[in-house]
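Mapped onto full-length UniProt numbering, the consecutive letters of the sequence shown carry residue numbers 1 to 269.
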Amino acid sequence: MARQRNPLRDEAHKRWLESDKKKPLKDIAEELGVSASTVRKWKSEDKWDDETKRSAPNQKERYDSMRGNNNAKGNSGGKPPPRNKNAVSHGLFANWLPDDTRQIIQELYTSEPSDILWNNIMIQYTAIIRSQKIMNVRSEFDHTEDITSAEVSPMFIDRDTGKPIQTKVTRQFQYAWDKQANFMNAQSRAMATLANLIKQFVLIADEQDERRKKLELMSAQVDLAKAQLKQLDDGYDPTEEQTVIIDDIPIIEREVDSNGAESQDEASD
């Protein structure tokens, strides 16, 4: 059974602190009815000299130090301010997310929903434009040949290299019409996603947001591209004359702004 701590031990420490560490240990020992060597032993074992660095002040000292300070100035209490980074710096994110991911989230904390949507619109629109070059089908003779698998037999060895010889090769051919069909399907899905993002942005963006004007042009381009894809899907004659006005849309908008409705009719003709 553990020996019970002597209550005089804490009392001696308390009296020493109350004297601002100036009271002789022998005087404390006389007041408590113990030997001076006992008090010196308590001081050494309990490390009284280091206690001040890690112990909290008593209640009276604590409230006296708090009175009149400006630590809580501007804080009415309650919930933390909106868009603070407590969850990222100290919460679940800080414990489980990688550093680079957490850094991105910290930067996004100041973004409005409309800003996030706009960034997604730009990323999606850029991907659509970039895909025009990557997935381009040059002509009806454009095809791709890929080796999908190859088999070797240990029974047949190359005399020069000493390695097994390939006995079976499987190749996959993708012809122009297959590549074009895949491109059209992917393009249609990408256009639908972009149109949905634009719709969401228009719903939440401010009426005076200048990005709305850019979206009007972008929406017109998306609608035109959809119509052209539908024509391709329906099987139109590519030799027929087609009207493409994507590059002329900004010019029409500037003429309408400067000259009014009459110049708009002339441009549309």
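Each residue gets a CB set at the ideal place from its N, CA and C atoms; glycine is no exception.
Using three-state DSSP, classify ILE245 as helix, strand or coil. Working through the sequence shown from its first residue, we reach residue 245 at position 245. Annotation note: pLDDT 41 at ILE245 (below 50); position unreliable, no value reported.
Any chance you could list the alpha helix (DSSP H) runs of at least 4 consecutive residues sitting entirely within the region 90 to 151, in chain order? 92 to 96, 99 to 108, 113 to 134
Endpoints, alpha helix (DSSP H) assigned at ARG15: The count along the sequence shown starts at 1 and reaches residue 15 at position 15. Run containing ARG15: 7 to 18, per the alpha helix (DSSP H) assignment.
Can you tell me which of the three DSSP states SER35 falls into? Residue mapping note: residue 35 aligns to position 35 of the sequence shown, counting from 1. Residue state, collapsed to three classes: coil.
Contact set for ARG15: own chain, Cβ-Cβ below 6 Å, skip 5 residues either direction: Reading the sequence shown from its first residue, position 15 is the one you call residue 15. Only ILE28 meet the Cβ criterion.
Output needed for TRP118: all residues of its chain with C-beta closer than 7 Å, excluding positions within five of it in sequence on either side, in chain order. Along the sequence shown, one-based indexing puts residue 118 at 118. The residues are PHE201, ARG211.
Return the Cβ separation of ILE121 and ILE198 in integer angstroms, given the expectation that the two are a contact with Cβ distance under 8 Å. Position 121 of the sequence shown, counted from the start, is the residue given in the question as residue 121. Position 198 of the sequence shown, counted from the start, is the residue given in the question as residue 198. The pair is a contact, with the Cβ atoms about 6 Å apart (cut-off 8 Å).
Residues near GLN103 by beta carbon distance below 6 Å, same chain, minus five either side: If you number the sequence shown from 1, residue 103 lands on position 103. Same-chain partners within the cutoff: there are none.
Anticipated Cβ contact below 8 Å, HIS143 with PHE183, distance rounded: As a first step, residue 143 must be located in the sequence shown, where it is residue number 143. As a first step, residue 183 must be located in the sequence shown, where it is residue number 183. At roughly 14 Å, the Cβ-Cβ gap does not stay under 8 Å, so HIS143 and PHE183 are not in contact.
If you compare alpha carbons, which of ALA227, SER149, GLU140 is closest to ALA176? The count along the sequence shown starts at 1 and reaches residue 176 at position 176. For the residues ALA227, SER149, GLU140, the minimum Cα distance to ALA176 belongs to GLU140.
Between GLU145, THR167, ILE147, which lies nearest to MET155 when the distance is taken from Cα to Cα? Counting from one through the sequence shown, the residue named residue 155 turns up at place 155. For MET155, the nearest C-alpha among the options comes from THR167.
Throw me the rounded Cβ distance for the LEU8 and LEU25 pair, which I believe falls under 8 Å. In the sequence shown, counting from the first residue as 1, residue 8 sits at position 8. In the sequence shown, counting from the first residue as 1, residue 25 sits at position 25. Not a contact, Cβ separation roughly 13 Å.
Please report the straight-line C-alpha distance between ASP160 and ALA186, rounded to a whole angstrom. Within the sequence shown, residue 160 is the residue found at index 160, counting from 1. Within the sequence shown, residue 186 is the residue found at index 186, counting from 1. So the alpha carbons of these two residues sit roughly 47 Å apart.
Report yes if the C-beta distance between ARG130 and THR148 is below 8 Å; otherwise report no. On the sequence shown, residue 130 is found 130 positions in, with the first residue counted as 1. On the sequence shown, residue 148 is found 148 positions in, with the first residue counted as 1. Cβ distance not < 8 Å, so ARG130 and THR148 don't count as in contact.
Among the candidates LEU17, GLU107, LYS41, LYS23, whose CA atom is the shortest distance from the CA of ASN6? In the sequence shown, residue 6 corresponds to position 6, counting from 1. Among LEU17, GLU107, LYS41, LYS23, the Cα nearest to that of ASN6 belongs to LYS41.
Can ALA190 and ALA150 be called in contact, C-beta distance under 8 Å? Counting from 1 along the sequence shown, the entry for residue 190 is found at position 190. Counting from 1 along the sequence shown, the entry for residue 150 is found at position 150. Contact flag unset, no.
Considering only residues of the same chain and omitting the five flanking positions on each side of LYS230, which have a CB-CB separation below 7 Å? The sequence position of residue 230 within the sequence shown is 230, counting from 1. If we look at LYS230 and ignore the five residues flanking it on each side, it has no Cβ neighbours.
Beta-carbon within less than 8 Å of ILE116's beta-carbon, same chain only, minus the 5 sequence neighbours each way: which residues are those? As a working mapping, residue 116 is identified with position 116 in the sequence shown. Excluding sequence neighbours, ILE116 sits near LEU108.
THR101 to PRO113 span [Cα, whole Å]: By 1-based counting over the sequence shown, the position of residue 101 is 101. By 1-based counting over the sequence shown, the position of residue 113 is 113. About 19 Å.
Start and end of the beta strand (DSSP E) containing GLN180? As a first step, residue 180 must be located in the sequence shown, where it is residue number 180. Here GLN180 belongs to no beta strand (DSSP E); instead the alpha helix (DSSP H) covers 176 to 204.
Nearest by alpha-carbon distance to LYS47: which of ASP10, GLU30, GLN228 is it? Here residue 47 refers to the residue found at position 47 of the sequence shown. Taking only the C-alpha atoms, the option nearest LYS47 is ASP10.
What residues match up with PHE156 in a beta bridge as DSSP calls it? The residue you call residue 156 lines up with position 156 of the sequence shown. Answer by DSSP bridge pairing: none, since PHE156 is not bridged.
Return helix, strand or coil for GLN228, following the three-state DSSP convention. In the sequence shown, the residue the question calls residue 228 occupies position 228. If DSSP states are grouped into helix, strand and coil, GLN228 belongs with the helices.
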